[in-house]
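Engineer: Protein chains in written order, with the numbering used here: chain E, 1 to 343; chain C, 344 to 626; chain Y, 627 to 948.
#1: Can you list the residues of chain C that residue 45 of chain E reaches, using a CB-CB cut of under 7 Å?
#2: At the level of alpha carbons, what is the spacing between residue 609 of chain C and residue 424 of chain C?
#3: Using a C-beta to C-beta distance shorter than 8 Å, which residues of chain C count as neighbours of residue 205 of chain E?
#4: Taking a contact to mean a Cβ-Cβ separation below 8 Å, would you say residue 739 of chain Y touches residue 766 of chain Y in this structure?
#5: Name the residue from E/99, E/105, E/29, E/131 whose alpha carbon lies nearest to the alpha carbon of residue 198 of chain E.
#6: Residue 770 of chain Y: buried (16+ other C-beta within 10 angstroms of its C-beta) or exposed?
#7: State the DSSP-derived secondary structure class of residue 679 of chain Y, mapped to helix, strand or coil.
#8: List the residues of chain E that residue 562 of chain C touches, going by C-beta distances under 7 Å, in chain order.
#9: List, in order along the chain, the chain C residues whose C-beta lies closer than 8 Å to that of residue 232 of chain E?
#10: Beta strand (DSSP E) containing residue 508 of chain C: first to last residue?
#11: Hey, residue 591 of chain C and residue 387 of chain C are a contact pair by Cβ (cut 8 Å); roughly how many whole angstroms apart?
#12: Rounded to a whole number of angstroms, what is the C-alpha to C-alpha distance between residue 847 of chain Y and residue 677 of chain Y?
#13: Report yes or no: is there a C-beta of chain E within less than 8 Å of the C-beta of residue 528 of chain C?
#14: Exposed or buried, residue 917 of chain Y, counting other C-beta atoms within 10 Å across all chains shown (16 or more means buried)?
#15: Cutting at 6 Å between CB atoms, please list the residues of its own chain near residue 933 of chain Y, excluding the five before and the five after it.
#16: Using a Cβ-Cβ cut-off of less than 9 Å, list which residues of the stretch 172-203 of chain E approach chain Y; keep chain order.
#17: Curious, which full-length alpha helix (DSSP H) runs of at least 4 residues does the stretch 702-762 of chain Y contain?
#18: What does residue 417 of chain E pair with, by DSSP beta-bridge criteria?
#19: Give the range of the beta strand (DSSP E) segment to which residue 105 of chain E is assigned.
#20: DSSP beta-bridge partners for residue 827 of chain Y?
#21: The ligand HEM and residue 202 of chain E: does the residue's C-beta get closer than 7 Å to at least one heavy atom of that ligand?
#22: Going by alpha carbons, who is nearest to residue 872 of chain Y out of Y/761, Y/882, Y/904?
#23: Below 9 Å on C-beta distance, what does residue 161 of chain E contact in chain B?
#24: Where does residue 55 of chain E land, buried or exposed, given buried means 16+ other C-beta within 10 angstroms?
#25: Which same chain residues, not among the five before or five after residue 719 of chain Y, have their C-beta less than 6 Å away from its C-beta?
#26: Label residue 21 of chain E either buried or exposed according to how many other C-beta atoms from any shown protein chain fall within 10 Å of its C-beta, with 16 as the threshold for buried.
#27: When the Cα atoms are used, what is the spatial distance from residue 312 of chain E to residue 319 of chain E?
#28: For the structure I just gave you, are there three or more beta carbon pairs, one from the stretch 212-222 of chain E and one from the stretch 95-106 of chain E, closer than 8 Å?
#29: Would residue 232 of chain E and residue 211 of chain E be called neighbours here (beta carbons separated by less than 8 Å)?
#30: Establish whether the CB of residue 208 of chain E and some CB of chain C are separated by less than 8 Å.
#31: Mind listing which residues of the stretch 25-38 of chain E have their C-beta closer than 7 Å to chain C's C-betas, in chain order?
#32: For the stretch 468-498 of chain C, which residues have a beta carbon sitting closer than 8 Å to at least one beta carbon of chain E?
#33: DSSP puts residue 60 of chain E in a beta bridge; with which residues?
#34: Checking 8 Å against the spacing of the C-beta atoms, do residue 602 of chain C and residue 550 of chain C come in under that value?
#35: Can you tell me which residues form a DSSP beta bridge with residue 693 of chain Y?
#36: Would you say residue 273 of chain E lies against chain Y (beta-carbon separation less than 8 Å)?
Here you go:
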């Protein structure tokens with residue numbers, strides 16, 4: 001008995017030692033947005049296959065988490081779909097003595113996903129309807145504000161179960177940014193942010209959690225990134241945009257929204273919600289990697305720069321399969337230049 | 344008189360039947376849990392599960408190999424922290440200490456035992472993550488180790504105390520010093536109980552999730568060495584269970600079965616060891 | 627006597643050091659002291675790392691309802707409420723069931739069956755909480771949403787406890803899952819205590835003409851009440867601190883509502899969800915302060931439990947306490 005125990009301990013120690021002493025892959029840790037998690041997990045997996053001695057470990061904990069952990073320095077890079085605001089940038093600068101840079105990676109969209117028993121049709125939502133539902137003023141599915149835009153569909157009189165994020169989320173930032181632009185009441189009462197004081201609704205953790213909740217809860221209505229709705233066969237609605245057209249979120253409409261961002265600022269922080277344009281999908285957004293300007297570890301810096309260079313070219317070819325839109329060419333060119341800033 | 348007696352007898356039978364029902368309900372819940380887990384986990388367990396790394400989101404066919412190894416590493420670290428402190432501390436309490444110091448130590452241990460595991464996670468975060476600026480297996484092992492301390496301490500102390508005085512006095516009468524007595528007589532006499540205590544502490548922390556959320560963090564890859572974040576079975580179960588992907592749900596069930604199986608085996612083993620009796624009958 | 631104290635006797639310190647006993651005593655003392663050190667350090671960290679909100683909000687923290695990271699306004703009330711409500715519901719369900727089962731196992735079941743069932747119930751206690759969460763998400767929530775909540779609403783819907791739409795995730799679901807988790811503690815400890823009640827107590831009651839139930843309920847159980855209450859406190863402490871199972875089924879919404887059908891939040895659940903993303907020092911430290919509140923809650927409860935045990939055992943539940 002004692003010998004077996006001794007052997008087990010020895011084996012474990014050897015295994016542990018082996019894992020330490022073995023040819024260590026360089027591990028880079030990142031954390032943040034769940035919005036782009038499907039494409040990031042594919043990218044990092046593919047990049048690892050191409051460069052077996054580089055592991056980029058990304059944890060989807062929400063944009064709030066990404067901003068926080070990269071500021072604390074507990075991860076090497078962050079990711080967020082709500083750009084860091086000036087206070088957060090200052091906090092990073094104060095803590096580290098240098099800046100943090102935003103690098104857009106893909107374009108995606110927040111879609112209104114729903115689960116209404118008996119309704120399989122594609123619904124249309126006006127900005128007022130969405131704001132009203134999330135403010136808690138529109139409580140039933142057959143409310144005129146919703147039914148009016150969906151003539152020909154019989155909506156039940158059930159109570160709407162609003163689902164939002166329980167964690168700090170860039171997806172929330174995009175959604176509330178949009179609502180703040182289309183509803184003064186929302187702007188004054190709730191405002192925009194990665195974490196807001198929701199008037200109503202259940203909280204799910206990550207895009208995954210919200211998708212799970214909406215899928216399992218009858219009469220639910222929540223917002224998720226497009227690919228989550230598609231991967232899970234969830235019905236999602238069309239939205240009326242600022243030009244008055246009813247647009248469904250897809251590659252074309254998201255790209256059209258990005259085209260409106262003609263003047264991309266040098267730091268890449270821009271909002272494209274409620275963008276002008278006939279075919280623009282109004283709840284679109286860039287999503288960013290948050291990369292510190294300076295790295296003390298040269299190997300890590302080179303690995304990250306290598307990844308971003310790869311991402312801007314080869315990586316972009318993988319995004320459309322997952323329903324994210326490619327970055328506009330001008331943005332890619334600007335990013336390649338900005339990459340030189342990372343030392 | 345007879346009526347009243349009949350009524351009392353009826354109440355008696357009724358209430359006793361009710362208690363039987365309570366017992367049946369309680370036990371059937373357990374069997375239901377086990378059965379459900381075995382069914383869903385069993386149908387989802389595959390060779391992939393044990394050997395493959397997690398696949399990108401939405402793609403089927405991944406596994407939890409890194410989580411299994413990660414959990415093993417975390418538990419090893421936890422044992423390295425929790426067992427020596429608990430064991431040696433228990434020896435102090437049982438053999439050397441005065442009653443006031445013993446009271447303080449026992450009170451601290453009970454206090455520590457009652458701390459919710461998420462708060463232990465906060466503690467380990469401020470101690471082992473913030474100052475070093477990264478999540479790591481060490482931080483996770485520290486959190487779990489701190490949780491093991493009170494369990495090992497109190498149980499080991501009980502078993503040491505249970506060793507009959509006659510043994511101690513016999514050894515001393517033969518001229519052995521106290522430390523020699525402890526090492527060669529008392530501890531071997533209590534070794535079954537001590538082993539049980541360690542195994543039960545192990546089983547307890549093996550399933551803990553909350554303290555790992557912000558210490559070991561998580562990983563989609565193998566975690567090299569001890570200084571990087573690592574995946575672990577409980578955290579993977581949590582992440583996969585709240586996600587919307589069917590494939591992830593299946594993997595969560597499989598992981599739940601493996602985790603539960605491991606814990607149950609440890610528990611049964613611990614009880615079997617204890618049931619074979621301690622080395623010397625209690626006086 | 628060897629090892630009677632470092633300054634007793636006339637031996638020099640060096641020669642005492644050479645004596646293995648003193649070294650053993652020192653070494654084991656250091657380990658025992660480290661236990662105290664860890665505990666003190668933990669409390670210290672919790673206190674120091676929550677300084678900002680303590681100064682900013684003071685005791686108002688405990689009674690403020692608002693939790694708004696955007697405005698840097700934080701209040702603990704919804705989480706304290708959720709923690710207490712779910713614990714209360716779990717005890718309401720687990721205590722009668724648990725004590726009933728313990729009575730059955732201790733008084734009625736033949737010894738072998740009692741031992742076998744006890745073995746299985748101990749195994750139930752070992753099931754990790756994330757697995758309860760798993761079962762909660764896939765079994766309990768749909769059950770609640772489809773059958774139990776509508777049934778309760780139809781029959782008892784006039785009570786303020788059962789109002790509102792059946793989401794599935796709510797205080798009640800969390801309470802039910804917690805109840806399943808704590809029942810084994812109540813059963814195994816109560817059973818042990820009941821078994822240790824001396825036989826003559828029962829026999830005396832029966833000899834005086836009591837029925838089986840009367841002797842159990844009116845004589846044996848009161849005799850064992852200290853231990854039974856101890857088991858309830860044990861269960862309560864577990865229910866208050868439980869994180870994973872609760873966060874997966876409670877709905878994660880900071881709400882205070884009389885209705886058990888309402889989604890809510892507990893202290894442990896909000897810390898687990900928001901800790902890694904709390905930007906801003908006040909936010910993070912408010913979460914740590916919540917951890918401090920939870921710690922104090924369990925601390926006070928444990929203290930009460932001890933006091934209760936001391937008080938009731940002094941008042942004497944008979945001779946030969948187990």
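Just so it is clear, CB atoms sit at the ideal spot from N, CA and C, and this is done for glycine as well.
Structural biologist: This is what the structure gives:
#1: 399
#2: 19 Å
#3: 585
#4: no
#5: E/131
#6: buried
#7: helix
#8: 57
#9: 587, 588
#10: Segment 508-516 is the alpha helix (DSSP H) holding residue 508 of chain C; no beta strand (DSSP E) there.
#11: The Cβ separation is near 10 Å, so there is no contact.
#12: 47 Å
#13: no
#14: buried
#15: none
#16: 190, 191, 192, 193, 194, 195, 196, 197, 198, 200, 201, 202, 203
#17: 703-729, 737-752, 755-761
#18: The requested residue 417 of chain E is not part of the displayed model; chain E covers only 1 to 343.
#19: 100-115
#20: Paired residues: none, contrary to the question.
#21: Inclusion of the ligand HEM in the displayed structure is not the case, the ligand content being empty and no account of it being possible.
#22: Y/761
#23: Of the protein chains in the structure, E, C and Y, none is chain B.
#24: buried
#25: 805
#26: Low confidence applies here, because residue 21 of chain E scores a pLDDT of 48, under 50, leaving its location unreliable; read the following figure in that light. That one is exposed.
#27: 11 Å
#28: no
#29: yes
#30: yes
#31: 25, 27, 29, 37, 38
#32: 472, 473, 476, 477, 478
#33: E/32
#34: yes
#35: Y/700
#36: no
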